[in-house]
Amino acid sequence: FIWDPLEHAWNTHFDRLCAFKAKHGHCCVSQNNTQNTSLVEWVRQQRVLYKKKTLSSNRIQLLNSICFVWDLHERTYEL
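Numbered per our numbering, the sequence shown spans residues 2 to 80.
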């Protein structure tokens, strides 16, 4: 039984992002990735929530632990 469906959905997407990173070596899911449309949207939403300062510190820590890129513009300069 799932007590908190929203938390479960977040954790499911996080697990999918971890699998994506394991396969591709990074967390930058392309907006053109038609195989992962829900993951693309979820990643975008995490960045929006982070910028609005409404993403919980626990979730920020989890995303930081897998080297999540918060600012894509900053990432492109590093490449």
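For each residue, glycine too, the CB sits at the ideal point set by N, CA and C.
Within its own chain, the residues whose Cβ lies closer than 8 angstroms to the Cβ of Q32, once the five positions on either side in sequence are excluded, are V41, R45, listed in chain order. Shown here for H9: same chain residues with a beta carbon closer than 7 angstroms to its own, the five before and five after excluded, namely I3 in chain order. Here the alpha carbons of N65 and N59 stand approximately 10 angstroms from one another.
Spanning the alpha carbons of H74 and C29 requires a straight line of approximately 12 angstroms.
Along the stretch 11–52, the alpha helix (DSSP H) occurs as fully enclosed runs of 4 or more residues at 38–52, listed in sequence order. One thing to note: N37 has its Cβ no nearer than 8 angstroms to the Cβ of F15. In the structure shown, I61 falls within a helical segment according to DSSP collapsed to helix, strand and coil. In the three-state scheme derived from DSSP, where H, G and I count as helix and E and B as strand, L56 is classed as coil.
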